[in-house]
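Trainee: Before anything else, here's the structure in question.
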DNA sequence: GGTCCCGCACTTACACCGTAAACTTGAGGA
DNA sequence: TCCTCAAGTTTACGGTGTAAGTGCGGGACC
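Protein chains in written order, with my numbering: chain A, 1 to 224; chain B, 1001 to 1224.
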């Protein structure tokens, strides 16, 4: 009866696996994954750390859940479009999601058990390719190369010592200070690259992404 | 004078940044990076944890050093060969090194300060491309796409729930048990892929690597 | 309405972590 | 011989994940 009202009247909304995971993602986005602890997460939810263990088997299980939510944020390939535009949109969405949650890509390494959103995503991508006429082998090739590129590019991008959103001034400065420490001519090609590109005022490494993506999509089409 | 002999006569060989880093890499390779602690590393070297801080500013500095050593293990592109074979060999070497040190790829994400071996490697690759006639822009494109693919593919490969060396039986079994939990037809394309490929006795995901690599190399050549 | 049960949050405790700060020690140079 | 100083040790502190036990409050039954 007034069960709902009573629940709401309790000092805090009911703790839930979903609520925990969402709060954990928010915290990880803001402060980085290495600073995410059960105690801090509990505090944020107005609860003791140990209460979280009523909803997550352990921290690893929680991280699994977080990764699966992130995967769920990636756009699934649209059904109607041709495979190239479908894969292109999916790749761009995936990169955006991974940039939004920089910790997620580093976690993938150790996630052994894919969650439902992850599986649904994979199934949907494979379905899109098969519908477009890809053989099973060719779909596997295409998926492998595309996902490899998406993850790897974004990983590299995140490793760069500046936030992608602030952009050019930061990287120019950074490249400058890094190069200062060298003997002149020690890394000539690196220096050339820095002067010609990285230190230009409108340089954004992220712009490279679509160049490589299109090169790969062309290559796949030709291989069909 | 007999300084050398005296040093050697001390109960243990002198502690050195290099010796620490090599021991840390061995430990990380064996037990995983998350289990590498200063105390365990000290014990392995016959020394207290705090002694390590005489040679490494802190743990992050030590991890930086480890990553740089790993980078140094990757073959530099040979000078004489044409750029395609040079890049091909480098990519294959990089994948092998990263598989040997699975923790390294996850660490790259947060390394802000590249070490000397890392810089030398980048400079050498860029030099190889520029010598082959690539423009600065085209060299940047090629490097970005190749490295993205190498890291991403290897990351994906490491995320698979089986060691690449043991190969087919493990993944077949794994794919089987994962699929068991689903409603039939829930992930039809995933199931098709599993049956057609992953559960075949001689399936190795690693074989995909060179397919994608060659597709990318072809694409780059055509873009020249 | 009274009773019981049990889910869920809490408390306590433990082993481990990175590292700051103060100490000991032993060899090299003056 | 004494001083200096680099390099290893000891101690300590605040943090971590989580096992184990406690207690409360609402829902379900008699």
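Note that CB positions come from ideal geometry on N, CA and C, so glycine has one too.
Between the alpha carbons of residue 211 of chain A and residue 1141 of chain B, how many angstroms are there, rounded?
Mentor: When rounded, the distance between both Cα atoms is 7 Å.
Trainee: Identify whether residue 1181 of chain B lies in helix, strand or coil by the three-state DSSP scheme.
Mentor: In this structure, residue 1181 of chain B counts as coil in the three-state DSSP scheme.
Trainee: Does the beta carbon of residue 1144 of chain B come closer than 8 Å to any beta carbon on chain A?
Mentor: Residue 1144 of chain B counts as touching chain A.
Trainee: Please return the same chain residues whose Cβ sits closer than 6 Å to the Cβ of residue 110 of chain A, not counting the five positions on each side in sequence.
Mentor: Cβ within range, chain order: n/a, list empty.
Trainee: Determine, using beta-carbon pairs with one atom in the segment 126-137 of chain A and one in the segment 71-86 of chain A, whether at least three such pairs fall under 8 Å.
Mentor: Yes, the segment 126-137 of chain A touches the segment 71-86 of chain A.
Trainee: Please confirm whether residue 1041 of chain B and residue 1024 of chain B have their CB atoms less than 8 Å apart.
Mentor: A contact, by the Cβ cut-off of 8 Å.
Trainee: Among B/1079, B/1043, B/1033 and B/1088, whose alpha-carbon lies nearest the alpha-carbon of residue 1060 of chain B?
Mentor: Considering only alpha carbons, the answer is B/1033.
Trainee: Under DSSP, the alpha helix (DSSP H) around residue 16 of chain A begins and ends at which residues?
Mentor: Here residue 16 of chain A belongs to no alpha helix (DSSP H), and DSSP marks it neither H nor E.
Trainee: Report the CB separation of residue 98 of chain A from residue 154 of chain A in whole angstroms; it is logged as a contact under 8 Å.
Mentor: With a Cβ gap of about 5 Å, residue 98 of chain A and residue 154 of chain A count as contacting.
Trainee: Taking the C-alpha atoms as reference points, what is the distance between residue 1192 of chain B and residue 1200 of chain B?
Mentor: Between residue 1192 of chain B and residue 1200 of chain B, the C-alpha separation is close to 12 Å.
Trainee: At the level of alpha carbons, what is the spacing between residue 112 of chain A and residue 196 of chain A?
Mentor: Taking the straight line from one Cα to the other gives about 43 Å.
Trainee: Hey, how far is the Cα of residue 992 of chain B from the Cα of residue 1016 of chain B?
Mentor: Beyond the ends of chain B as shown, which are 1001 and 1224, falls residue 992 of chain B; an answer cannot be given.
Trainee: Exposed or buried, what is residue 123 of chain A when buried is set at 16 or more other beta-carbons lying within 10 Å of its beta-carbon?
Mentor: So residue 123 of chain A ends up on the buried side.
Trainee: Report, in whole angstroms, the separation of the C-beta atoms of residue 209 of chain A and residue 22 of chain A, which I expect to be a contact under 8 Å.
Mentor: Their Cβ separation, rounded to whole angstroms, is 28 Å, which puts residue 209 of chain A and residue 22 of chain A out of contact at 8 Å.
Trainee: Could you tell me whether the Cβ of residue 1017 of chain B comes closer than 8 Å to any Cβ of chain A?
Mentor: No, residue 1017 of chain B does not count as interfacial toward chain A.
Trainee: Any beta-carbon of chain A closer than 8 Å to the one on residue 1099 of chain B?
Mentor: Cβ-Cβ to chain A under 8 Å: no for residue 1099 of chain B.
Trainee: With DSSP collapsed to three states, give me the class of residue 1116 of chain B.
Mentor: If DSSP states are grouped into helix, strand and coil, residue 1116 of chain B belongs with the helices.
Trainee: So, under 8 Å CB-CB, residue 1038 of chain B and residue 1052 of chain B are touching, yes? Tell me the CB distance rounded to an integer number of Å.
Mentor: Confirmed, Cβ separation roughly 6 Å.
Trainee: Please state if the CB of residue 150 of chain A and the CB of residue 1216 of chain B are separated by a distance shorter than 8 Å.
Mentor: No, these two residues do not count as a Cβ contact at 8 Å.
Trainee: Compare the C-alpha of residue 159 of chain A against each of B/1159, B/1036 and B/1148 and name the closest.
Mentor: Nearest of B/1159, B/1036 and B/1148 to residue 159 of chain A, Cα basis: B/1148.
Trainee: With a cut-off of 8 Å, does the C-beta of residue 1109 of chain B fall near any C-beta of chain A?
Mentor: It does; some Cβ of chain A falls within 8 Å.
Trainee: How is residue 78 of chain A classed by DSSP in three states: helix, strand or coil?
Mentor: Correct three-state label for residue 78 of chain A: coil.
Trainee: In the DSSP assignment, find the unbroken alpha helix (DSSP H) run with residue 67 of chain A in it and report its ends.
Mentor: Per DSSP, residue 67 of chain A belongs to the alpha helix (DSSP H) from 59-73.
Trainee: What are the boundary residues of the alpha helix (DSSP H) that includes residue 147 of chain A?
Mentor: 136-159 is the span of the alpha helix (DSSP H), which, as asked, contains residue 147 of chain A.
Trainee: Step through the CB atoms of chain B and report whether any lies within less than 8 Å of the CB of residue 221 of chain A.
Mentor: Not one chain B Cβ lies under 8 Å of residue 221 of chain A.
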